[in-house]
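**Q** Residue numbers (the working numbering): 180 to 385. Ideal Cβ positions, reconstructed from N, Cα and C, are used throughout, including at glycine.
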Amino acid sequence: MIISFEGIDGSGKSTQIKRLLTRLDLLGKETLYVREPGGTAMSEQVRDILLDPSLDIHPFAEMLLFSAARAQLVKEKISPFHARGGIVVCDRFFDSTIAYQGGGRGVAEPSWLESFQLEVTGGVIPDRTYFVDITTETAESRLNIRFGEEKAADRMEQAGGAFFERVRNAYLTLAERHSERVCIIDGSGTESEVENAIWEDLSLYL
Ligand code: TYD
Numbered sequence: 180m181i182i183s184f185e186g187i188d189g190s191g192k193s194t195q196i197k198r199l200l201t202r203l204d205l206l207g208k209e210t211l212y213v214r215e216p217g218g219t220a221m222s223e224q225v226r227d228i229l230l231d232p233s234l235d236i237h238p239f240a241e242m243l244l245f246s247a248a249r250a251q252l253v254k255e256k257i258s259p260f261h262a263r264g265g266i267v268v269c270d271r272f273f274d275s276t277i278a279y280q281g282g283g284r285g286v287a288e289p290s291w292l293e294s295f296q297l298e299v300t301g302g303v304i305p306d307r308t309y310f311v312d313i314t315t316e317t318a319e320s321r322l323n324i325r326f327g328e329e330k331a332a333d334r335m336e337q338a339g340g341a342f343f344e345r346v347r348n349a350y351l352t353l354a355e356r357h358s359e360r361v362c363i364i365d366g367s368g369t370e371s372e373v374e375n376a377i378w379e380d381l382s383l384y385l
């Protein structure tokens, strides 16, 4: 089984992933945690390029770099573990590219990006995707930054608030289009509330 977590920066998905991994461990499940971009030696180097605030990267090149890191991660880590019957938990997967590069940057039509991503992953699609949804205002107050400010931590966060609005809307559209797989989780509640909402859904599939 492959589970992915999605959301704008500051959505709290990484905290939720930790909580989920603990629950799965307690059930004795074999799990593999991977984060994007990254997770392999090659993909971590690509990550450094992608998040480097001193680089000016063309949006289409950015999309290809995220995709390159993903292709490597799928081949090297996700597919072999999945084939052995383990549960793979992904901190972001190709929906991030559709939301950030498609919705946020407008590099290509979502339908083109979706078919391209299927080529990138060799047809690997998550079984369940949790889109942890928060407003951009909540994201900014949690991260203690204003999107678009220099003080923002990495190159992606330096994009302005309007960018993150577009990313969020792209996620919402995606969740509607793929309601069979993408589950919208209200990320504004307490950590335990969000954790329970995710578990309520996932336990139906375990
Ligand atoms: P990271 O520090 O891992 O952020 P987060 O904790 O929010 O996941 O940085 C990853 C950044 O890269 C984040 O801003 C989302 C962005 N991103 C894309 O724009 N496209 C992608 O395909 C992926 C995987 C991430």
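#1: Note down the Cα distance separating Ile266 from Leu381, rounded to an integer number of angstroms.
#2: DSSP has Glu185 in a bridge; who is on the other side?
#3: Does the Cβ of Glu374 lie closer than 7 Å to at least one heavy atom of ligand 1?
#4: What are the start and end residues of each continuous alpha helix (DSSP H) run of 4 or more residues lying completely inside the stretch 264–328, in chain order?
#5: I need the boundaries of the beta strand (DSSP E) containing Asp365, first residue and last residue.
#6: So, using beta-carbon positions, are Ser246 and Val299 closer together than 8 Å?
#7: Going by beta carbon distance, what residues of the same chain come within less than 6 Å of Phe342, once the five residues before and after it are set aside?
#8: Any heavy atom of ligand 3 closer than 7 Å to the Cβ of Met335?
**A** Looking at the atomic coordinates:
#1: Straight-line Cα distance between these residues: approximately 12 Å.
#2: In the DSSP assignment, Glu185 is bridged to Phe310.
#3: Ligand 1 never approaches Glu374 closely enough for any of its heavy atoms to be under 7 Å from the residue's Cβ.
#4: Taken in chain order, the unbroken stretches of alpha helix (DSSP H) that lie wholly in the stretch 264–328 and span 4 residues or more are 289–299 and 315–322.
#5: Val361 to Asp365 is the span of the beta strand (DSSP E), which, as asked, contains Asp365.
#6: For Ser246 and Val299, yes; Cβs fall inside 8 Å.
#7: Around Phe342, the same chain offers Gly283 as residues with beta carbons nearer than 6 Å, after the five sequence neighbours per side are excluded.
#8: Ligand 3 is absent from the structure shown, which contains only ligand 1.
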